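Student:
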Amino acid sequence: MNLKNVYYDKNSVFQFSELNESQYLLKLFQNFEKISDGILENYEFYIFANDDEKILPDCLNHLSQKKIILYYLADAGGSIDPRPISSNFELIFKTHLEEAFISDNVLPISLGYVNDVPELPVKPIHDRNYNVFFRGDLNRNRFDLYRSFFSQKKFFPRRGLPTTIFRDMAIGFKNDFSNYFPDSLIIFNKGFNTGFSAQEFGKVLADSKIILSPMGFGNAECFRDFEGMRAGCVIISDKLPKTEFYDGSPIIQVENWKEGLLWAKKLIDDSEMLMDYHLKTVDWWNNKCSEKAVAIYMKDKILLNSDNKKIIGTVLSEE
1 MNLKNVYYDK NSVFQFSELN ESQYLLKLFQ NFEKISDGIL ENYEFYIFAN
51 DDEKILPDCL NHLSQKKIIL YYLADAGGSI DPRPISSNFE LIFKTHLEEA
101 FISDNVLPIS LGYVNDVPEL PVKPIHDRNY NVFFRGDLNR NRFDLYRSFF
151 SQKKFFPRRG LPTTIFRDMA IGFKNDFSNY FPDSLIIFNK GFNTGFSAQE
201 FGKVLADSKI ILSPMGFGNA ECFRDFEGMR AGCVIISDKL PKTEFYDGSP
251 IIQVENWKEG LLWAKKLIDD SEMLMDYHLK TVDWWNNKCS EKAVAIYMKD
301 KILLNSDNKK IIGTVLSEE
C-alpha cells in the first residue's frame with residue numbers, strides 16, 4: 001500500500017487490491033497523513049477486511065511500541081460486534097457498525113465508494129438528463145421498492161421470499177420501470193453486479209437528479225449513497241443508522257417506498273426544493289463524507305480519545 005504506518009492485516013479474507021473500496025482507502029489515508037500533524041508517528045493502523053466473526057485480526061499478536069488502531073470492514077451485514085476485542089486497540093473504526101455496538105473506542109466510519117466508479121465534475125442539477133435513477137439487484141429487501149411501482153401491490157410481498165425462483169419470476173414479469181417518472185432510468189437486475197459497468201454507472205449517476213437507494217442484502221448502508229453524494233445527486237434511502245455520516249444529512253430517509261416514490265415526484269415538481277437538496281448534498285459530501293472530511297473525523301476522534309484517557313489518568317492518580 002506504500003502508506004506510512006498503515007498496514008493490511010494478514011487475516012483479511014481478501015487481498016487489498018480485491019476490495020471494492022481500495023482506491024477510496026488509499027485516498028483516505030493519504031489525506032489523513034497530510035492533516036495528521038504528526039499523529040501517525042505514535043500510531044499504527046491495521047486495515048482488516050473480514051465477515052467471519054470467528055476470524056480475528058492477526059495484528060492482535062503484534063507487539064509494537066506504538067498505539068494500534070483497527071480499521072474494520074467487509075462485514076456488510078453489520079452483525080459482528082467488535083467490542084470484545086476493543087480493549088486490545090486504542091480505537092476501532094468499523095464500517096456497517098450497528099448502533100448498539102458503538103462504544104468509547106468503537107466508532108463508525110464511512111463506507112466510501114466502489115473502485116472505478118468515476119468521479120466526474122458535478123453537473124448543475126437542472127442540466128441533468130435523468131430525473132430518477134436506480135439500477136440494481138432485486139434482492140429480498142428491495143421488494144418493497146419493486147412492489148411500489150404497481151397499483152395492485154397485494155400480489156407482491158413487502159419483503160421478498162427467500163428464493164431465487166420468486167425473484168426470477170418477478171424479474172421475468174417486469175423489471176424496467178423507467179416510464180414511471182418522465183426521463184428516468186429504473187431497472188432491476190437479476191443478480192448482483194449484473195447491470196452497468198462501474199464506468200457506465202458513474203456516468204449515469206453524474207447525469208441523474210434523484211437516485212433511489214434501497215437497502216442491500218443485509219444493511220441499509222451502501223456504497224451507492226456515497227457515490228451519489230459525491231456526484232451531487234439527491235438521495236432517497238431506507239432508514240439509515242444515526243451516525244455522524246447520516247444524522248442531519250440531506251439524504252431523504254423513508255419508512256417505505258410508497259413514501260419514497262412520493263418524495264421523488266415532489267422533487268421533480270419542485271425545482272427550488274430539488275436545487276436546495278442538491279446543494280446541501282454537495283456540501284455534506286465535501287464537509288462530512290469526502291476522503292478529506294473523513295480523515296479529519298478520524299483525527300478528531302483519535303485526539304478526543306487521547307484527551308479522555310489523559311483526563312481519566314489524572315482523576316485516578318488524584319484518588
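Residues in the sequence shown are numbered from 1 upward in steps of one, following my numbering. Using N, Cα and C, we set each Cβ at its ideal position, and we do this for glycine too. Since this is a predicted model, take the numbers as computed values, not measurements.
So, helix, strand or coil for E44, using DSSP?
Tutor: The residue labelled residue 44 in the question sits at position 44 within the sequence shown. Three-state result, E44: strand.
Student: So I236 and I252 are in contact, right, with Cβ under 8 Å, and what is the actual spacing, rounded?
Tutor: What you label residue 236 is simply residue 236 of the sequence shown in a count that begins at 1. What you label residue 252 is simply residue 252 of the sequence shown in a count that begins at 1. With 8 Å as the limit, I236 and I252 qualify as a contact, their Cβ atoms being about 5 Å apart.
Student: What did DSSP end up calling Q23 once you bin it into helix, strand or coil?
Tutor: The residue given as residue 23 occupies position 23 in the sequence shown. Q23 falls in the helix class under three-state DSSP.
Student: Measuring CA to CA, which of I186, C289, F217 and L145 is closest to E255?
Tutor: Here residue 255 corresponds to residue number 255 of the sequence shown, with the count starting at 1. If we check each option's Cα against that of E255, L145 comes out closest.
Student: What are the boundary residues of the beta strand (DSSP E) that includes V282?
Tutor: Here residue 282 refers to the residue found at position 282 when the sequence shown is read from its first residue. Here V282 belongs to no beta strand (DSSP E); instead the alpha helix (DSSP H) covers S271 to W284.
Student: Where do the ends of the alpha helix (DSSP H) carrying R224 lie?
Tutor: If you number the sequence shown from 1, residue 224 lands on position 224. Segment F223 to R230, the alpha helix (DSSP H) holding R224.
Student: For Y8, which of helix, strand or coil comes out of DSSP?
Tutor: Stepping through the sequence shown from its first residue, residue 8 is reached at position 8. Of the three classes helix, strand and coil, the one that applies to Y8 here is strand, per DSSP.
Student: Would a C-beta distance cut-off of 8 Å place N325 and L56 closer than the cut-off?
Tutor: Outside the shown range of the chain, which is 1 to 319, sits residue 325, and nothing can be said about it.
Student: Mapping DSSP to helix, strand and coil, what is R140?
Tutor: Within the sequence shown, residue 140 is the residue found at index 140, counting from 1. Three-state DSSP puts R140 in a helix.
Student: Compute the Euclidean distance between the alpha carbons of I311 and N305, then round it to the nearest angstrom.
Tutor: On the sequence shown, residue 311 is found 311 positions in, with the first residue counted as 1. On the sequence shown, residue 305 is found 305 positions in, with the first residue counted as 1. Residue placement at I311 is poorly supported in this model, since its pLDDT is 49, which falls under 50; the coordinates are not used for a value here.
Student: Note the first and the last residue of the continuous alpha helix (DSSP H) segment covering L120.
Tutor: As a first step, residue 120 must be located in the sequence shown, where it is residue number 120. Careful: L120 lies outside any alpha helix (DSSP H) and carries neither H nor E.
Student: Is the separation between the beta-carbon of N20 and that of V114 shorter than 8 Å?
Tutor: On the sequence shown, residue 20 is found 20 positions in, with the first residue counted as 1. On the sequence shown, residue 114 is found 114 positions in, with the first residue counted as 1. In this structure, V114 lies closer than 8 Å to N20 by Cβ.
Student: Within 10 Å of its beta-carbon, does T164 have 16 or more other beta-carbons around it, so buried, or fewer, so exposed?
Tutor: Here residue 164 corresponds to residue number 164 of the sequence shown, with the count starting at 1. Exposed, because fewer than 16 other Cβ atoms sit within 10 Å of the Cβ of T164.
Student: I need the boundaries of the beta strand (DSSP E) containing Q253, first residue and last residue.
Tutor: Start at 1 with the first residue of the sequence shown, and residue 253 comes out as number 253. It spans I252 to V254 - the beta strand (DSSP E) in which Q253 sits, taken as one unbroken run.
Student: Please report the straight-line C-alpha distance between F143 and D75, rounded to a whole angstrom.
Tutor: As a working note, residue 143 is residue 143 in the sequence shown. As a working note, residue 75 is residue 75 in the sequence shown. Roughly 23 Å between the two C-alpha positions.
Student: Does the distance from the CB of S103 to the CB of S86 come in under 8 Å?
Tutor: Along the sequence shown, one-based indexing puts residue 103 at 103. Along the sequence shown, one-based indexing puts residue 86 at 86. Against a cut-off of 8 Å, the Cβ pair of S86 and S103 comes out as a contact.
Student: Cutting at 6 Å between CB atoms, please list the residues of its own chain near L73, excluding the five before and the five after it.
Tutor: Stepping through the sequence shown from its first residue, residue 73 is reached at position 73. These residues qualify, in order along the chain: A49 and T95.
Student: When the Cβ atoms of the segment 106-122 are set against those of the segment 179-190, are three or more pairs found closer than 8 Å?
Tutor: Not touching, per the Cβ criterion.
Student: Between the C-alpha atoms of G202 and K239, what's the straight-line distance to the nearest angstrom?
Tutor: The sequence position of residue 202 within the sequence shown is 202, counting from 1. The sequence position of residue 239 within the sequence shown is 239, counting from 1. Cα-Cα distance, rounded: 24 Å.
Student: For S208 and Y130, which I take to be in contact (beta-carbon distance under 8 Å), what is that distance rounded to the nearest angstrom?
Tutor: As a first step, residue 208 must be located in the sequence shown, where it is residue number 208. As a first step, residue 130 must be located in the sequence shown, where it is residue number 130. The pair is a contact, with the Cβ atoms about 4 Å apart (cut-off 8 Å).
Student: What do you reckon, are the CB atoms on F223 and L111 nearer than 8 Å?
Tutor: Numbered from 1 along the sequence shown, position 223 holds the residue referred to as residue 223. Numbered from 1 along the sequence shown, position 111 holds the residue referred to as residue 111. It is a contact, given that the beta carbons lie within the stated cut-off.
Student: Would you call the segment 288-305 and the segment 268-280 in contact, with 3 or more CB pairs under 8 Å?
Tutor: No, the segment 288-305 is not in contact with the segment 268-280.
Student: Are there 16 or more other CB atoms within 10 angstroms of the CB of F217, so buried, or fewer, so exposed?
Tutor: Counting from one through the sequence shown, the residue named residue 217 turns up at place 217. Exposed.
Student: Quick one: is M229 buried, meaning 16 or more other Cβ sit within 10 Å of its Cβ, or exposed?
Tutor: On the sequence shown, residue 229 is found 229 positions in, with the first residue counted as 1. Buried is the call here.
Student: Tell me whether the beta-carbon of E227 lies closer than 8 Å to the beta-carbon of V117.
Tutor: In the sequence shown, the residue the question calls residue 227 occupies position 227. In the sequence shown, the residue the question calls residue 117 occupies position 117. Taking 8 Å as the Cβ cut-off, E227 and V117 qualify as a contacting pair.
Student: Below 7 Å CB to CB, which residues in the same chain sit around T314 once its five sequence neighbours on both sides are set aside?
Tutor: Translated into positions along the sequence shown, residue 314 becomes position 314. For T314, the pLDDT reaches just 47, beneath the cut-off of 50, and the residue's location in the model is therefore unreliable, leaving the point undetermined.
Student: Whose C-beta lies closer than 6 Å to the C-beta of C233 among residues of the same chain, with five residues either side of it excluded?
Tutor: For the purposes of this step, residue 233 is taken as the residue at position 233 of the sequence shown. Cβ within range, chain order: S208 and I211.
Student: Please report the distance separating the alpha-carbon of K258 from that of L303.
Tutor: Within the sequence shown, residue 258 is the residue found at index 258, counting from 1. Within the sequence shown, residue 303 is the residue found at index 303, counting from 1. In a straight line, the C-alpha of K258 is about 44 Å away from that of L303.
Student: Figure out for me which residue from F29, Y246, K266 and I296 has the closest Cα to the Cα of K280.
Tutor: In the sequence shown, the residue the question calls residue 280 occupies position 280. Ranking F29, Y246, K266 and I296 by Cα distance to K280 puts Y246 first.
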